[in-house]
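Taken in sequence, the protein lines are chains A and B. Quick note on my numbering: the first sequence kicks off at 290 and runs consecutively. Quick note on my numbering: the second sequence kicks off at 290 and runs consecutively. Structure record follows, encoded as structure tokens.
Number of protein chains: 2
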Amino acid sequence: MPDKCLFKQLVRHYYFILFIVIRGISMTVKISPLAPKTFAKLPPIKGVRLQTTEAGIKYKGRTDLLFIIFDEAANVAGVFTRSKCPSAPVDHCRKILSHGVARGVVINSGNANAFTGKNGIATTEATAKAAADCLGSKPQEIYLASTGVIGEPMDASRFTGLLPEMAKNAKEDKWLDAVKAIMTTDTFPKLATRTIDFDGHPVIINGIAKGAGMIAPNMGTMLSFIVTDAPVDAAILQEILSDKVRDTFNAITVDSDTSTSDTLLLFATGTANKEIKSLTQKNDPRYQALAEGVYEILHELSLQVVTDGEGAHHLIEVRVEGATTNEAAKTIARSIANSPLVKTAVAGEDANWGRVVMAVGKAGVEADRDRLAIWFGPHRLAVDGERDPHYSEEEASNYMKGTHIVIKADIGLGNGCATIWSCDLTKEYVEINGDYRS
Amino acid sequence: MPDKCLFKQLVRHYYFILFIVIRGISMTVKISPLAPKTFAKLPPIKGVRLQTTEAGIKYKGRTDLLFIIFDEAANVAGVFTRSKCPSAPVDHCRKILSHGVARGVVINSGNANAFTGKNGIATTEATAKAAADCLGSKPQEIYLASTGVIGEPMDASRFTGLLPEMAKNAKEDKWLDAVKAIMTTDTFPKLATRTIDFDGHPVIINGIAKGAGMIAPNMGTMLSFIVTDAPVDAAILQEILSDKVRDTFNAITVDSDTSTSDTLLLFATGTANKEIKSLTQKNDPRYQALAEGVYEILHELSLQVVTDGEGAHHLIEVRVEGATTNEAAKTIARSIANSPLVKTAVAGEDANWGRVVMAVGKAGVEADRDRLAIWFGPHRLAVDGERDPHYSEEEASNYMKGTHIVIKADIGLGNGCATIWSCDLTKEYVEINGDYRS
């Protein structure tokens with residue numbers, strides 16, 4: 290009955306086109322003006338299969354469940370939120386991390402499974418068990434992450450039944466689908482990839498992330514998953530991750546709010562090439578190459594998270610130099626990057642350096658008004674405790690019309706320096722977060 | 290020539306009516322929805338004369354300079370911003386405070402004289418000298434305060450010439466005019482008064498303040514001036530002020546930003562009645578009465594500052610109980626009160642208690658998710674680490690439609706408690722602060 294087939298195909302096409310049109314319209318309206326022009330295309334990694342589905346956890350008509358499967362056990366490292374009220378999935382991951390081995394990751398959007406009491410623990414246990422059953426592994430080899438509303442009970446039975454079919458259909462070439470399923474208020478998917486040399490063999494590092502709001506990671510970001518096919522010991526992975534998170538996901542802030550659910554996991558499958566010897570020592574010359582590759586992925590993803598900060602129109606890079614220590618520099622940089630008055634000034638494209646003085650002053654660490662100098666991009670606006678005599682309001686105002694604003698403060702006391710990335714505070718941020726739950 | 294007089298009167302009347310109409314229109318458009326229905330009418334204090342004028346420092350067509358004159362020397366106490374980059378007037382006041390005696394206060398709006406280097410110091414010196422010359426006093430008896438844009442040089446010659454005329458015309462009944470001259474983005478004047486009993490004689494305490502934005506006093510508020518006609522030693526005044534500021538001006542936050550210019554001064558003229566003996570000892574039974582009166586003024590003014598927070602639609606009262614210490618409770622309360630996500634949820638009238646959990650978790654002090662309970666007004670929404678089983682979304686949502694939102698968090702660990710007042714974060718806040726300088 291070829292006619293029936295044709296009809297079915299037409300129907301299928303119709304819905305597909307409708308989907309594209311609606312998605313297109315919603316993307317045009319909503320996408321961050323700072324979104325990258327193109328997205329990285331992540332190559333498949335051997336033995337890493339991904340599958341998404343619509344579990345209807347909160348959203349309708351979009352994917353909200355992601356299953357990442359490692360066909361052979363992968364080594365794993367992780368860093369998590371420092372919140373005193375972490376989510377149930379964060380508790381689960383922390384507990385199993387000492388095993389150092391992963392066979393799968395189950396991630397959902399729409400519900401954070403945070404502050405959900407015993408129900409939350411039951412949900413993580415049931416999910417880990419269901420996923421492990423699909424893969425013939427143990428629950429302590431299944432990592433979990435959830436993002437969305439806090440405090441809503443989440444019933445695992447809602448999606449555990451979907452995992453076997455997902456495991457069956459999972460494919461290696463679904464990285465873009467994967468990241469789309471874990472978006473909440475993100476307006477674009479966050480992806481990064483690098484290929485580096487390991488003993489003459491190419492090895493891949495793929496990374497995905499979600500961000501958008503509640504971003505002042507006191508450790509990592511919201512959710513981010515990095516996978517390499519290089520063979521690397523779990524302890525080495527952890528060392529690289531803990532080191533490289535400092536100046537990447539720990540150096541960004543959207544709104545100074547720290548999520549209950551921040552989770553950053555790094556996996557190594559060792560599937561690139563069986564001839565490559567495992568990386569087990571820090572003095573192995575390949576350590577630096579891998580660490581640099583991981584840093585680049587983390588840097589790229591964390592900047593994508595900031596540029597997709599809720600309502601963001603400007604990327605703000607705050608560089609502090611001349612503080613008494615690096616720690617003091619970071620405190621001052623955070624004070625500037627989190628100041629609502631600095632962030633609204635950037636939103637208004639106003640070179641209001643007086644608010645930078647205010648933010649330096651309130652940071653609480655050593656500063657001397659009369660040694661302070663402030664730049665907006667290449668323009669020095671203030672020096673030696675007063676307005677720069679050569680300062681041109683017109684030039685500074687022109688600079689503020691750009692989308693990447695660099696604010697530099699030289700404290701003039703020592704050699705401590707730090708950089709923090711943030712975004713501006715706009716009416717859209719208020720709009721998004723005044724309506725998020727309803 | 291009675292005709293000419295009548296004409297003059299008509300002209301005067303015409304401008305007065307025009308002023309009222311324009312003021313009325315602008316007030317209707319702009320005034321905070323949380324503004325008090327009536328303003329306190331401050332009684333004259335003997336020997337305290339006030340005068341305002343239009344110096345054109347930044348604003349046109351409104352008063353921006355206030356001269357407060359003490360005909361006889363008043364005792365004085367003060368607390369100031371803890372900013373590491375304080376304004377030149379703050380430096381001046383701090384320097385002269387040990388004298389403990391005041392003859393006048395010169396306050397301007399439109400320019401903060403902060404981060405203005407040597408020019409800023411020259412301006413404070415010239416202003417203090419000019420005011421002292423008018424009054425036959427010394428410069429170290431003249432207090433100064435400035436509020437407005439940071440980093441713009443301010444030339445004292447712009448207004449020092451106006452002071453002699455102001456001193457001549459100053460009157461005791463101009464408290465409302467006085468506070469209007471020091472407003473910046475305030476939408477209503479902040480006033481409070483009390484009369485208490487001192488040895489059978491009534492003594493007055495009058496207070497005025499300005500607030501609006503850059504409000505997270507790590508000590509006091511923006512600018513506030515309290516005057517009593519009771520006879521009180523400077524050391525006693527200082528003791529009362531330092532004690533009572535803690536739970537008033539130090540317990541409010543609009544945007545977590547601390548000004549370079551926060552100044553709170555308390556004066557005692559002793560002009561109420563010559564028969565009253567001076568208060569010089571803390572164990573004097575009148576100490577408590579005065580301290581309570583000052584507390585009430587500070588409390589009332591600080592709440593007025595919060596309800597006039599830039600763009601505020603809701604007053605937020607955050608009460609934290611059951612923390613390990615009072616200090617820990619205050620840290621948690623501040624974390625909730627400053628969280629952009631909590632503040633936007635209140636703006637959106639959304640009982641999003643999950644964000645309160647987040648803010649408790651990120652505060653960095655001891656907390657236990659599974660002992661935490663959260664109330665919005667009388668409604669308990671969460672208890673024992675999960676949503677309250679008896680929680681009604683409808684009741685909580687109705688509660689959020691009010692203008693005074695009480696958020697209570699019981700940490701369940703000890704007896705530490707604290708209250709912080711704040712306001713919501715609205716699109717108007719972003720609008721006001723994106724345009725402020727231009």
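For each residue, glycine too, the CB sits at the ideal point set by N, CA and C. Note that the structure is a prediction, hence the values are computed from the model and not measured.
In chain order, 689, 690 place their CB closer than 6 Å to the CB of residue 638 (chain B), counting only its own chain and leaving out the 5 sequence neighbours on each side. Interface residue (Cβ-Cβ distance to chain B less than 8 Å): residue 658 (chain A) is classified as such. Relative to the Cα of residue 516 (chain B), the nearest Cα in the group B:696, B:365, B:397, B:654 belongs to B:365. Interface with chain B (8 Å Cβ-Cβ cutoff): residue 347 (chain A) is excluded. For the 8 Å CB-CB criterion, residue 721 (chain B) and residue 611 (chain B) do not form a contact. Beyond the five residues adjoining it in sequence on each side, residue 708 (chain B) comes within less than 8 Å, by CB distance, of 536, 540, 606, 607, 608, 609, 622 in the same chain, given in chain order. A straight line joining the alpha-carbon of residue 362 (chain B) with that of residue 549 (chain B) spans about 28 Å. Residue contact check for residue 720 (chain A) against chain B: a CB pair falls below 8 Å. Residues of chain A whose Cβ lies closer than 9 Å to the Cβ of residue 683 (chain B) do not exist; the shortest such Cβ separation is about 13 Å. For the stretch 399-413 of chain B, the set of residues with a beta-carbon nearer than 9 Å to any beta-carbon of chain A comprises 401, 403, 404, 405, 406, 407, 408, 409, in chain order. Beta-bridge pairing by DSSP links residue 610 (chain A) to A:699. Pairing residue 463 (chain A) with residue 593 (chain A) gives a Cβ-Cβ distance that is not under 8 Å. Positions of the beta strand (DSSP E) runs, each at least 3 residues long and wholly inside the stretch 457-502 of chain A, are given as 479-487, 490-499 in order along the chain. Within the stretch 327-398 of chain B, the complete beta strand (DSSP E) segments at least 3 residues long are 337-342, 354-369, listed from N- to C-terminus.
Within the stretch 624-687 of chain A, complete beta strand (DSSP E) segments of at least 3 residues are found at 662-665, 668-672, given in chain order.
Distances from the alpha-carbon of residue 673 (chain A) to those of A:698, A:651, A:686 put A:698 closest.
As DSSP reads the structure, residue 437 (chain B) sits in a beta bridge with B:399. Between the alpha carbons of residue 355 (chain B) and residue 470 (chain B) lies a distance of about 6 Å. Separation of residue 416 (chain A) and residue 395 (chain A) (C-alpha to C-alpha, rounded to the nearest whole angstrom) is 8 Å.
Neighbourhood of residue 321 (chain B) in chain A, by CB distance below 9 Å: empty, with the nearest CB roughly 17 Å away. Within chain B, the residues 719, 723 have their CB atoms less than 7 Å from the CB of residue 636 (chain A), given in chain order. For residue 609 (chain A), no CB of chain B lies under 8 Å from its own CB, so it is not counted at the interface with that chain. Excluding the 5 residues flanking it on each side, residue 479 (chain A) has same chain C-beta neighbours closer than 6 Å at 498, 590, 593, in chain order. In this structure, the straight-line span from the alpha carbon of residue 651 (chain B) to that of residue 646 (chain A) is close to 26 Å. Residues of chain B whose Cβ lies closer than 9 Å to the Cβ of residue 674 (chain A) are, in chain order, 374, 404, 405, 406, 407, 409.
With contact defined as three or more Cβ pairs closer than 8 Å, the stretch 520-539 of chain B and the stretch 563-576 of chain B are in contact. Taking a C-beta distance under 8 Å as the contact criterion, residue 694 (chain B) and residue 603 (chain B) qualify as a contact pair. With its beta carbon at least 8 Å from every one in chain A, residue 476 (chain B) lies outside the interface. Among the residues facing chain A, residue 716 (chain B) is included, as its CB has a counterpart in that chain under 8 Å away. In terms of Cα proximity to residue 430 (chain B), the closest of B:702, B:703, B:710, B:391 is B:391. At a cut-off of 8 Å between C-beta atoms, residue 639 (chain A) counts as an interface residue with respect to chain B.
Shown here, residue 320 (chain A) sits in coil according to DSSP, grouped into three states, outside any helix or strand. Shown here, residue 723 (chain A) sits in a helix according to DSSP, grouped into three states. A:493 is the residue among A:662, A:534, A:493, A:575 whose C-alpha sits nearest the C-alpha of residue 334 (chain A).
Listed by position along chain A, the residues whose Cβ is nearer than 8 Å to that of residue 442 (chain B) are 675, 676. It is roughly 21 Å from the alpha-carbon of residue 714 (chain B) to the alpha-carbon of residue 475 (chain A).
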